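In terms of this note's numbering, the sequence shown opens at residue 627 and continues consecutively. Below is one structure, written out as structure tokens; the observations come after it.
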Amino acid sequence: MVTDIIENEEYKSIMSDHARDIVIHLVESGQEFAITANIKGLSFSPELPLAISEKLAPFSLFVLSNYTFDSIKLDDEYIYFEAGFGKENFGSLVKVPLFAIFQIIVDESILFVNPIATVEKYFKSHKFKERSMNAFKMNSKNKDLLEGV
Numbered sequence: 627m628v629t630d631i632i633e634n635e636e637y638k639s640i641m642s643d644h645a646r647d648i649v650i651h652l653v654e655s656g657q658e659f660a661i662t663a664n665i666k667g668l669s670f671s672p673e674l675p676l677a678i679s680e681k682l683a684p685f686s687l688f689v690l691s692n693y694t695f696d697s698i699k700l701d702d703e704y705i706y707f708e709a710g711f712g713k714e715n716f717g718s719l720v721k722v723p724l725f726a727i728f729q730i731i732v733d734e735s736i737l738f739v740n741p742i743a744t745v746e747k748y749f750k751s752h753k754f755k756e757r758s759m760n761a762f763k764m765n766s767k768n769k770d771l772l773e774g775v
């Protein structure tokens, strides 16, 4: 069954490495590209204002061109880039786990598709829960719900 494959840690590692190899190739070739990524795995520094983060789609598109392309950094597990969000062009450093990249797009063609980015269990680690709780706490409407927590 396909679930047995995409929930396998070894396959997750293969897909992450493949995404990393493609990104390295594109960056070294000077080819700008876009990614769609599962936002459950992303972190932003500084955190995005709630008005912006609430508008992000579950699988959001990030166009890595111009300054954003030039700001790309990569390690074994993550791609990092600086991007502007919203009308105010709110600047933030985006940290994307390679396994959370769902697609890599060049021009208008999909170059890479990663089913691992859809597997919920990979996004249930403590750091992702903590990020969600911080976003929840930032919403003033939730203040009454958190008394005593």
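Even for Gly, the Cβ is constructed at its ideal location relative to N, Cα and C. Here the structure is a predicted model, which is why all the values come from computation and not from measurement.
Would you please state the rounded distance, in angstroms, between the beta carbons of residue i and residue j? I believe it to be under 8 Å.
i: A709; j: I727; result: A709 to I727, Cβ: 15 Å. No contact.
i: E654; j: S691; result: E654 to S691, Cβ: 16 Å. No contact.
i: S718; j: F670; result: 4 Å
Using a threshold of 8 Å, state whether the C-beta atoms of residue i and residue j are closer than that.
i: I731; j: A677; result: no
i: L622; j: F738; result: One cannot answer for residue 622 here, as it falls past the ends of the chain, which runs 627 to 775.
i: E633; j: K750; result: no
i: L682; j: V649; result: no
From the DSSP output, in three-state form, read off residue i for me.
i: L674; result: coil
i: A726; result: helix
i: V745; result: coil
i: A645; result: helix
i: I777; result: This structure gives no information on residue 777, because the portion of the chain shown stretches from 627 to 775.
i: E714; result: coil
i: S669; result: strand
i: K721; result: strand
i: K699; result: strand
Only counting the same chain, and skipping five residues up and downstream in sequence, which positions put a Cβ closer than 7 Å to that of residue i?
i: L668; result: V720, K721, V722, A726
i: L724; result: S642, A645, R646, E703, Y704, I705
i: F711; result: L674, I678, S718
By Cβ distance, which residues of its chain are closer than 6 Å to residue i, with the 5 residues on each side in sequence left out?
i: F688; result: I661
i: L652; result: F659
Can you give me the Cβ contacts of residue i inside the same chain, cut-off strictly under 8 Å, excluding the 5 residues immediately before and after it?
i: P684; result: N664, I665, K666
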